[in-house]
Each structure stands twice: as structure tokens, then as C-alpha cells.
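Structure first, commentary second.
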Amino acid sequence: MNAPFNAKQQQTRNPFAAFVTDDVSSELLKPLVFELGWAPESVNKGGLRAAIQSLSVSASPTILFVDLSESTDPLGDVNALAEVCEPGTIVISAGTANDVRLYRELLNSGIQDYLLKPFTADQIRDALAQAQMMLMGPRHGVQAEDSIHIMTAVVGARGGVGASTVASSIAWLMGESGGHTTALLDLDVHFGTGALSLDLEPGRGLTDAIDNPARIDGLFLERALVKANEKLSVLSAEAPINHPIITDGGAYFQLQEEMKGAFECTIVDVPRTMMVQHPHLFHEVQSVVLVVDLTLAATRDTIRILAWLKNNAPQAGVLVVANRVHPSLTEISRKDFENSIEREIDFVLPYDHKQAVNAAKLGKPIAEAGKSSKLGQGLAQIADKLLSLASDDPDRDAKKGKGSLIDELAAIFAPKPKTAKK
């Protein structure tokens, strides 16, 4: 299923067939199928079992819609369907089970999409449009197998240290200076500032994704993202405060997976509370920017977060960035902070109230509004460090003598040895 498109093969096959278990789904599908120029008679009753029986004695359609509602073993039945489906068939499924684990397993088995019943006409249209896009060629934005995707999580050791400000600037720099297609994913659903810092309206994409993870795919992502410029897109939200978010984190994981295929770089602004609730968000990040301030509370929490990252994201390189540092107004000294966390601070960003206010007034990230300032230059150095992982040189590993990306990450982010001071 979902094999590469073969034009000659498609000419001898029916464009569409559906096997549903109830009259409501059948009556909803028929007019939509007719809109696309397909025969309404291609919508059949019987569900997945009927699909298997039919396709075992007839040619597979180009697009197949199957209802899993009556299946007691969806994965086993899908595997049986794969045995009778011809290569190139795109399969869309539907069912009543609202289970993120089942959804992931269905996608891994070759299903293109899974719709939760009762579905709407718009959901069907979106799913069929995505299937047709796949038939016409590779999905927009899909990266080559040998390309490198850089996913960076930005976390604040304490609230108010400026992690979101750093995240938006790094994302802008990766697109503007690095020339890479970049996505900024702001996971603070109620109070996120990812869109606000770029003078954008956040839209409903993120909340829609959380409410219905089964809808997340390439087409959904294209519609949900808000473009800041040609290289940078943002997915943020301003959910009502009286609307609590209840999720197992599956939607966040799926968004990360889709962004990996659609962009060269992804910056994920992660509220620190989500580290506790959804540790799987860090399983595939290559780097973590930990934003701190020089306070006693931040010292304590930096120690705890570094230990947490060591256990939950051992593959990720960590950059410790001290933000809003004023030489005479720090609660503890840099030396004491570094001794306490047992490693050096990688970057120090100066306190610059003037640049922060100017950027807010202009609706631009500080990296853009204050390029020539020491703060802007410091942010650029952080982005350059991260972008060094995304070198386009195909002989990079051979030249540097590295065996893998993980080896390179380990070398780049290795703690710097401390020199004895006289």
C-alpha cells in the first residue's frame, strides 16, 4: 500500500472505492465522490472484511477508503488487506477508536490517514485531496533521504528568563541567515508568544491538532502554519483560558514528525512543565537550548533539568544560554553558577532593555530588529552553532573524520575543559 505512483498502472485501475459499515457514512461519501467525478456506486457496504474479499478477486482502486468500525483486530485486518492490495493503492481508513497508539501503528502499517467517526464532509475532502496530491508526485517539502533535519528544543530553566524570545530569534536566523526552511512550534497553547513576537495572528491550527490528532498530515500542516516570511513558518495558539488542554501528547509527537518531513529546521518552544508531562517530545531532538538567568532558583533548576536531559534525551547536545545578564545586577556570579552546574555556560546574552522594547514595537524578533547590537550578535552566534549541524557539504563526515551525526553532535556540544586560573 501507498507505494510510489506508477502512471501506466493507474490507467487500468478504478480511481476510487469505499467500503463502509453504516448508512450515514455511505450517504455522506456518495455526493463527495460524485463531486470528484467518480461513480457513487464505488461506495460499498461491508467495511474492511468486504474490502479484503472484493480485492482478492478484483483489481485494487487507486484510492481505497475502508471502515474499521466492526473490526476486532484492526492491525491484523489491515495486514490482511495489504496482502490483497496492489502496489500504489493509497488507503484511507476510518473508525470509532480514539487511540493515538492505534493511529501510529496504522500509519506505520501503510495507511495514509485515519479519520475518527463520525467524520465530516470537510475531513473527507481533505483526506481525498491529500491522497490525490500523493498520486501526482512527492509531497511538497519532503526531504531527501540523505538530508539532515535539525530539531532544536528551547526550554527556560525558570519562567520569565526569555526562552520564547530566544526561540523566535533563533528560528528567524535559521531561515534568514542560514537559508533553511524553518518551522517554529510554540507549545504554550494558552500563553505562547511565538506568533506575537513576529506580529502574526496564531490561528486555530495548534488547538485543532490537539483536539483531533488523526487529522494531522502534510495538507493539514500547510493550512495550519502561518508564514512569517519565505523561509519561516509558525504554529502557535492563543487558546481560551477557560479551555483546558487534555491530551496524551500524541498530537505534539505527530506535529514533530510532519515538520521533520516538511522543513529543514524545526525550533520547538517547550514550556518546562511539558518536560514532566510529555518527555517523549525530547526523544528525537538533536539539540536543546537551555535558557537560564544567574539566580539561585535557576541554578537549582538547571542542575535538575540537565540531569533530566541526560536520562531522557541522551542523544541531544545541550547549549546553556544565560540571558538578560547585567554585570552588576546578577544574584550570583557566573563562576559560582558554572561551578554549581558543573559545566560552563556556552553563551551569555547581555541585558538590553532598549533593544527588547524596540523589537516589541516593530513586531520583529530581536535578532532582526537589533542585528548590530551585542544582544543580536549573541543570538546570531547561537544560531550559527546550531546551523553548523546542517552543513550542505556531502563530504562533511569524510572531511571531519566523523562516523555519524551523533558523533558530530557529541563533539560540537562536548563540555569545554576548564582551565586553572592563577
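Per numbering that gives the first Met the number 0, the sequence shown runs over residues 0 to 421. Idealized CB from N, CA, C, for every residue including glycine.
{"query": "Length at least 4, wholly inside the region 279-335: the alpha helix (DSSP H) runs in chain order", "result": "295-311"}
{"query": "For Leu115 and Pro86, the rounded distance between their alpha carbons", "result": "26 angstroms"}
{"query": "Proximity winner among Glu330, Pro270, Asn322, relative to Ile477 (alpha-carbon distances)", "result": "Only positions 0 to 421 of the chain appear in this structure, which leaves residue 477 out of reach."}
{"query": "Contacting residues, own chain, Cβ-Cβ under 8 angstroms from Phe29 (five flanking each side not counted)", "result": "It is worth fixing the name first, because residue 29 is Lys in this sequence and not Phe. Closer than 8 angstroms at the Cβ level, and outside the excluded window around Lys29, lie Pro39, Val42."}
{"query": "Selected residue, minimal CA-CA separation from Val32, among Cys84, Arg48, Ala126", "result": "Ala126"}
{"query": "Inter-residue spacing [alpha-carbon to alpha-carbon] between Leu134 and Thr180", "result": "24 angstroms"}
{"query": "beta-carbon Arg271 near the ligand ATP non-hydrogen atom, thresh 8 angstroms", "result": "With respect to the ligand ATP, the structure shown offers nothing to examine, as it has no ligands at all."}
{"query": "Pair within 9 angstroms by beta-carbon distance, Leu67 and Leu47", "result": "yes"}
{"query": "Residues that DSSP places opposite Ala93 in a beta bridge", "result": "Asp66, Leu114"}
{"query": "Euclidean distance between Cα positions of Gly159 and Ala236", "result": "19 angstroms"}
{"query": "Ile266, enclosing beta strand (DSSP E) - first and last residue", "result": "264-268"}
{"query": "Segment contact flag, the region 251-265 with the region 200-220, C-beta cutoff 8 angstroms, min 3 pairs", "result": "yes"}
{"query": "Nearest-angstrom Cα separation, counted from Leu385 out to Leu328", "result": "29 angstroms"}
{"query": "Given Arg333 as reference, the closest of Ala359, Pro313, Thr294, Gly249 once Cα atoms are compared", "result": "Thr294"}
{"query": "Rounded C-alpha distance that separates Gln122 from Ala93", "result": "11 angstroms"}
{"query": "Touching by the beta-carbon criterion (3+ pairs, under 8 angstroms), the region 303-321 and the region 270-282", "result": "yes"}
{"query": "Same chain, Cβ closer than 6 angstroms to Leu63, five either side skipped, listed in chain order", "result": "Ala16, Thr88, Val90"}
{"query": "Own chain partners of Val83 with C-beta closer than 7 angstroms, once the 5 adjacent residues on each side are dropped", "result": "Ile51, Leu54, Ser55"}
{"query": "Exposure of Ala152, with buried meaning 16 or more beta-carbon neighbours within 10 Å", "result": "buried"}
{"query": "Sub-9 angstroms separation of Ala156 and Val317 beta-carbons", "result": "no"}
{"query": "Cβ pair Ala166, Leu27 closer than 9 angstroms", "result": "no"}
{"query": "Nearest residue (CA-CA) to Ala213, options Ser371, Gly191, Ala130, Leu105", "result": "Leu105"}
{"query": "Nearest-angstrom Cα separation, counted from Ser168 out to Leu35", "result": "44 angstroms"}
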